[in-house]
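Okay, structure first, notes after.
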Amino acid sequence: MSDNYQSFEYDVLVIGAGGAGLRAAIEASAAGCKTGLVCKSLLGKAHTVMAEGGIAAALATVDSRDSWRQHFCDTLIGGNLGNHWKMAEIHAKQAPDRVRELEKWGAVFDRTTDGKGNINVRHFGGHTYKRLAHVGDRTGLELIRTLQDKGVHSGIDVHMECTIYSLLKDGEKVAGAYGYFRETGRPVLFKAKSIILSTGGIGKLYFVNSNSWECTGDGFALGYLAGAELADMEYIQFHPTGMVWPPSVRGLLITEGVRGEGGVLKNNKGERFMFKYIPPKYQGKYAETEEEANAWFQKVVVEGQKEETVKERKPPELMSRDVVARALWTEIKEGRGTEHGGVDLDVASRRSAEDIKKKLPSMYHQFKQLADVDITKVPMEVGPTCHYMMGGIKVDPETQMSNVPGLFAAGECSAGMHGSNRLGGNSLSDLVVFGKLAGEHAAAYAKKASAPKIDESKLAGLNQEMNQPFENQGGEVSYKIMADLQTAMEKGAGMYREEGPLEQCLKDLESLKERLKKVSAEGNRLFNPGWHVALDLRNMLVVGEAVARAAKERKESRGGHTRTDYTGYSKEFAKKRILIRQKGGKMEVVREDLPQIPAELEKELVDAHLLKPEILKQLRGEA
Amino acid sequence: MGQVHMRVYRGNSEGGQLKDYDVQVEEGMVVLDAIHKLQATQASDLACRWNCKAGKCGSCSAEVNGKPRLMCMTRLNEFKEGQTITVAPMKTFPLMKDLATDVSYNYEVNKRIPPFTPKEGAAWSWEQEDVDRVQEFRKCIECFLCQDTCHVLRDHDKMGKFAGPRFFVRIASLEMHPIDALDRTELLKNEHGLGLCNITKCCTEVCPESIHITDNAIIPLKERVVDKYYDPLRILWNKVFGK
């Protein structure tokens, strides 16, 4: 075992190199700060790369009626008013500038066909107008590659394949991070005046998920263990359309863009069932019959007519993800599912083979290669898959700083922007809007902060902790514990929750913690995935417990948190957010007031018919 | 599907060998699933990179039965029943451990490519057909299989003198951008060794994104170099006018 650690010192250290981390690092470096960027994988491979459908911003290049106000309202209604309104406002206002900035840095978005050569935008669930700038169905790749190429010329130090195990503090404030290089297993110390967590999501806590191996909730756990408060951890998005067959690809994402391009959902009787599931908040906004939805499709998608000239409303397949996922689940549970336990997503009968290959190339490729299915000829089988964590580190909406001085968070590991349910396309815009803000404010903080002081005598103890799996002889391998954790979360804190199973889930997590203490790793510290998983598991268990406790506390159903024993919106919880924090080495659950949209702004939006008072009432549990 | 016999390279920079394993597999599995199964049941310290498992991130590159492939996009049912599946690391890059190689050369080359530089005062508007070609290049997922298979790097060890197909694609995406202002021709000719490529198209064959690397990127770039440096009329013109 080597205690011989490498050491680096930065003004700003960014942990996580997806869209948010890269954007934050670029900003911090531009502000003149010495900036380090830690990637768990190779640069450019972070989970952002998998984002498909687009980046939401009210550019109004296709539908001139769009505005930041409309985007703001769509985000709040999509989030069932669980959002921190200020973050949603900042996001809606700044997203268009961030998209244009990407273009200036070399991103090449698809263009409009109206002769003006603008950035084209497409429809996505819960967005009133066409709003997603995109590059086919590989928008995330475009975003990360653009930021990566900008980043490598911005004087940022990049540390690839490096995992952070612990944040370090100097009194109350953050002062550094300690971890290891995956290749060599060698420990590393980063001293920093400010730190930005941008580590992405938690998908790996669930058996059926759309996430990469990296999404083990590191930032949530690192922040929590360093004293940061977590918020909204009960809000998890199950994306309605994951692959269900073959088993090896179960959960793999099918972009919402398939529905944006005309794809429809059908049960095993061939019925387009979504018409049955239009919730009150979306009534009047979506087509109520198949004829109407087909007419809209024909005019808007096939003929490319301007939507403002079309009287029909858009199909209910384009409602927000929480609504569509619950509809799918109900159809499957009530026996109207397909052979492998999904429903059909049919684009083959709606678009020409040529259009499908052009508009959805990676979906075509993915099904052809992984499932032997030609989506230009037959429907795709789809079912819900764990996709996105709305909750995370509680941050100041304007600076992205947590309650720990000098510790910032951006992207999926921060909370507030999306409320109880994220709209498709709002994550890529979230990354660049709040990544930039985090970088800016972490830099400003670092400029005023004194040099970080670290008690390096504690590092040997941390290294000992990291090394423990090699010293535990004859224990079980980490993979087994991870599989059991996924099963426990799926059963107890999955898409549908209930008091009893949540309590059982907490018990299961306790026994998994005991098993983790005895976990064994074979071999040595050289690039050893079994050992890496053993260390990631600590984070996964912290996050799992936070999810289950928050879910137990919120006794209502809202967006990505559905309780079978407390259905519907509750007045008691509508204006509360659930906080999770550490107290005396234990997890404490606290209810806190969720800041509410100011009365004048609400009135302005209601007067402009962007928000409806009856919908607000209903979401606030007052109807 | 039952059982599959695999030979997987185990070793590090000091040496190693192919090791035999029998793996239980299910319908629809890809090579990466079988590797994961091995990790979970027989070799928890088996090193391999992966992220998306959907052919979008380009992490799990390896040589499967001698061919550079993404493990996540290689179905087990492509192989005959009873056929041994051999998985080895990319040969061109120095080995770290097992299936993970040191691909840092690629990141160094990328740093030496001048980034997108828009023309001053250019209009930020263009038609789709103006960027179709650039978008083809930007599909690259940086799996580095083209670098792995390219004999200039693989057999002739020209790292440092030859950027490799991935970066010709990258440069082509910049050079063909409607409003990029730079000219990277000299760089291509000298520092990045474009002339060393003798268009055998091996890179195009292995590209999982089906980018026409040779035809659409490398050959047009070679033409630019030829136009600038080897056009007899231009040479004459330069001689006469003393440029």
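Residue numbers (my numbering), protein chains in the order written: chain A, 1 to 623; chain B, 1001 to 1243. Glycine is no exception: its CB is placed at the ideal position from the N, C-alpha and C atoms.
According to DSSP, is residue i helix, strand or coil?
i	result
threonine 139 of chain A	helix
arginine 581 of chain A	strand
cysteine 1146 of chain B	helix
lysine 169 of chain A	strand
threonine 1074 of chain B	coil
methionine 1 of chain A	Annotation note: pLDDT 49 at methionine 1 of chain A (below 50); position unreliable, no value reported.
phenylalanine 470 of chain A	helix
leucine 230 of chain A	strand
cysteine 73 of chain A	helix
methionine 495 of chain A	coil
cysteine 505 of chain A	helix
phenylalanine 1241 of chain B	coil
methionine 401 of chain A	strand
isoleucine 1085 of chain B	strand
serine 194 of chain A	strand
tyrosine 1107 of chain B	helix
tyrosine 206 of chain A	coil
glycine 263 of chain A	coil
isoleucine 164 of chain A	strand
alanine 409 of chain A	strand
methionine 965 of chain B	With chain B represented from 1001 up to 1243, any question about residue 965 of chain B goes unanswered, as that position is not in the structure.
Expressed to the nearest angstrom, what Euclidean distance is found between the alpha-carbon atoms of residue i and residue j?
i	j	result
methionine 466 of chain A	glutamate 476 of chain A	16 Å
glutamate 1027 of chain B	glycine 1082 of chain B	15 Å
phenylalanine 275 of chain A	leucine 265 of chain A	10 Å
glycine 82 of chain A	arginine 1049 of chain B	38 Å
glycine 383 of chain A	arginine 1224 of chain B	50 Å
methionine 319 of chain A	glycine 406 of chain A	39 Å
glycine 523 of chain A	aspartate 1102 of chain B	20 Å
glutamate 288 of chain A	lysine 436 of chain A	41 Å
glycine 1011 of chain B	leucine 1038 of chain B	16 Å
glutamine 94 of chain A	valine 433 of chain A	6 Å
leucine 1032 of chain B	proline 1094 of chain B	21 Å
methionine 1 of chain A	aspartate 536 of chain A	Confidence at methionine 1 of chain A is low in this model, with a pLDDT of 49, below 50, so the placement of that residue is unreliable and no value is reported for it.
isoleucine 221 of chain A	alanine 56 of chain A	Sequence inspection shows alanine at residue 221 of chain A; the isoleucine mentioned does not correspond to that position. Alanine 221 of chain A and alanine 56 of chain A: Cα-Cα distance of roughly 29 Å.
valine 135 of chain A	proline 1115 of chain B	20 Å
tyrosine 1229 of chain B	phenylalanine 1137 of chain B	25 Å
proline 96 of chain A	lysine 104 of chain A	13 Å
arginine 182 of chain A	lysine 513 of chain A	24 Å
histidine 365 of chain A	proline 1208 of chain B	10 Å
serine 1013 of chain B	leucine 526 of chain A	11 Å
glycine 18 of chain A	methionine 389 of chain A	15 Å
tyrosine 1105 of chain B	methionine 1159 of chain B	8 Å
Does the distance from the C-beta atom of residue i to that of residue j stay below 8 Å?
i	j	result
threonine 241 of chain A	glutamate 52 of chain A	no
glycine 1015 of chain B	tyrosine 1009 of chain B	no
methionine 1090 of chain B	serine 1061 of chain B	yes
glycine 176 of chain A	leucine 189 of chain A	yes
valine 1004 of chain B	isoleucine 1085 of chain B	yes
valine 158 of chain A	leucine 167 of chain A	no
glycine 1058 of chain B	glutamate 1142 of chain B	yes
glycine 200 of chain A	histidine 47 of chain A	yes
tyrosine 569 of chain A	leucine 619 of chain A	yes
glycine 219 of chain A	alanine 409 of chain A	yes
arginine 23 of chain A	leucine 147 of chain A	yes
arginine 351 of chain A	glycine 262 of chain A	yes
cysteine 73 of chain A	leucine 605 of chain A	yes
Is residue i a contact residue of the ligand SAM, with contact defined as CB to any heavy atom under 7 Å?
i	result
histidine 561 of chain A	The ligand SAM is not part of the structure shown, which contains no ligands of any sort.
With 8 Å as the threshold, decide whether the Cβ of residue i is near any Cβ in chain E.
i	result
aspartate 110 of chain A	Absent from the structure is chain E; the protein chains it does hold are A and B.
| said: To test your reading of the DSSP string, which unbroken beta strand (DSSP E) runs of 3 or more residues are found completely within the region 276 to 361 of chain A? | reply: Entirely contained in the region 276 to 361 of chain A, the beta strand (DSSP E) runs reaching 3 residues are, in chain order, 343 to 346.
| Should the region 326 to 335 of chain A be regarded as contacting the region 306 to 315 of chain A, the criterion being three or more beta carbon pairs within less than 8 Å? | The region 326 to 335 of chain A vs the region 306 to 315 of chain A: no contact.
| query | Touch check for the region 221 to 236 of chain A and the region 410 to 421 of chain A: three-plus C-beta pairs under 8 Å? | reply | Yes, since at least three Cβ pairs between the region 221 to 236 of chain A and the region 410 to 421 of chain A fall closer than 8 Å, the two stretches touch.
| field | Inside the region 555 to 618 of chain A only - beta strand (DSSP E) runs reaching at least 3 residues | value | With a minimum length of 3 residues, the continuous beta strand (DSSP E) runs that stay inside the region 555 to 618 of chain A are 576 to 583 and 586 to 593.
| request: Decide yes or no for the touch test of the region 486 to 505 of chain A against the region 548 to 564 of chain A: beta carbon pairs closer than 8 Å, at least 3 of them. | output: The region 486 to 505 of chain A is in contact with the region 548 to 564 of chain A.
| If we count Cβ pairs, one from each stretch, closer than 8 Å, do we get three or more for the region 34 to 41 of chain A versus the region 119 to 127 of chain A? | In short, these stretches do not touch, since the Cβ pair count stays below three.
| field | Residue ranges of each beta strand (DSSP E) within the region 35 to 107 of chain A, 3 or longer | value | With a minimum length of 3 residues, the continuous beta strand (DSSP E) runs that stay inside the region 35 to 107 of chain A are 35 to 38.
| Is it true that the region 1144 to 1162 of chain B meets the region 1200 to 1208 of chain B, where meeting means three or more beta-carbon pairs spaced less than 8 Å apart? | The region 1144 to 1162 of chain B and the region 1200 to 1208 of chain B touch, with no fewer than 3 CB-CB distances between them shorter than 8 Å.
| query | Touching or not, the region 374 to 383 of chain A and the region 339 to 354 of chain A, by the rule of three or more beta carbon pairs under 8 Å? | reply | Contact between the region 374 to 383 of chain A and the region 339 to 354 of chain A is present, because at least three Cβ pairs lie under 8 Å.
| query | On the three-pair Cβ rule with 8 Å, is the region 424 to 432 of chain A touching the region 202 to 219 of chain A? | reply | No, the region 424 to 432 of chain A does not touch the region 202 to 219 of chain A.
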